[in-house]
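Asks: Let me begin by handing over the structure; questions about it come next.
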Amino acid sequence: MAQQSWLETILRSLNVELPLRDNLDDYIDIIVPEIRKWGEDLSEMNYYSSKGGKPWPEVRDEDNFHNTIVHFFNEGGEYLRSTDGNVIKGQWRLLEGTNKMIIDLGGGLSELYELAYLDSYFFILKKHGDQKRARKYFAMGFEPYIKGLEWRDYVEELFNTYRRKHRTYQLITGAVVILIIIVLALSFF
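Residue numbering for the sequence shown follows this note's numbering, starting at 25 and increasing by one per position.
Shown next as structure tokens:
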């Protein structure tokens, strides 16, 4: 067995791995608290809504889920949900001063969601209330970015958001430490 260099040992210790979980909700529970600080607010509508529509396919971890469900949060509060091309129209609106959204599908069916995470590629809402028997999260991804991904690949891409930011902070910290060492070394000579 070959000896590892000290640099390889340090780099391996800095590698951030995604812990194994059984379902989408559990993965989101561990990832979102780590990346929330880099996310946007629902008041920044340009991230999830645009003129003409911005497609957000839904991601689920259910074995028997084979539908293609795409959500559109259009300007003016128009909500469209396309299930395998069959469209249901509704309305969406924000609750002012909060990161909460109501989606009204008509017929007295409205649902309250709270923002879990939002950026240009991921849109994750948390259903308000106790969801022990149902899906806790309403997970979506920007269609051009997640097209063709299975739910575990979606999770891996979401976790890559954390990895990228984490590595940036590690590099900055490493550069500062090296700079301090150089300054200290030069001050002794």
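Cβ atoms here follow ideal geometry from the backbone N, Cα and C, with glycine treated the same way.
Between the alpha carbons of Arg-84 and Met-69, how many angstroms are there, rounded?
Replies: Those two C-alpha atoms are separated by around 24 angstroms.
Asks: Please list, in chain order, all residues of the same chain as Leu-42 whose beta carbon is under 6 angstroms from its beta carbon, the five residues on each side excluded.
Replies: Excluding positions up to five away in sequence, the list reads Phe-183.
Asks: Grouping DSSP H, G and I as helix and E and B as strand, with all else coil, what is Thr-107?
Replies: Strand, per DSSP.
Asks: Buried or exposed: Tyr-169, going by 16 or more other Cβ atoms within 10 Å of its Cβ?
Replies: Exposed.
Asks: Please state whether DSSP places Ser-134 in a helix, a strand or coil.
Replies: Reduced to three states, the DSSP call for Ser-134 is strand.
Asks: Report the residue from Gly-121, Lys-113, Tyr-141 and Thr-122 whose alpha carbon sits nearest the alpha carbon of Gly-130.
Replies: It is Lys-113.
Asks: Select from Tyr-51, Val-200, Tyr-145 and Val-207 the residue whose C-alpha is nearest the C-alpha of Lys-78.
Replies: When each option's Cα is compared against that of Lys-78, the closest is Tyr-145.
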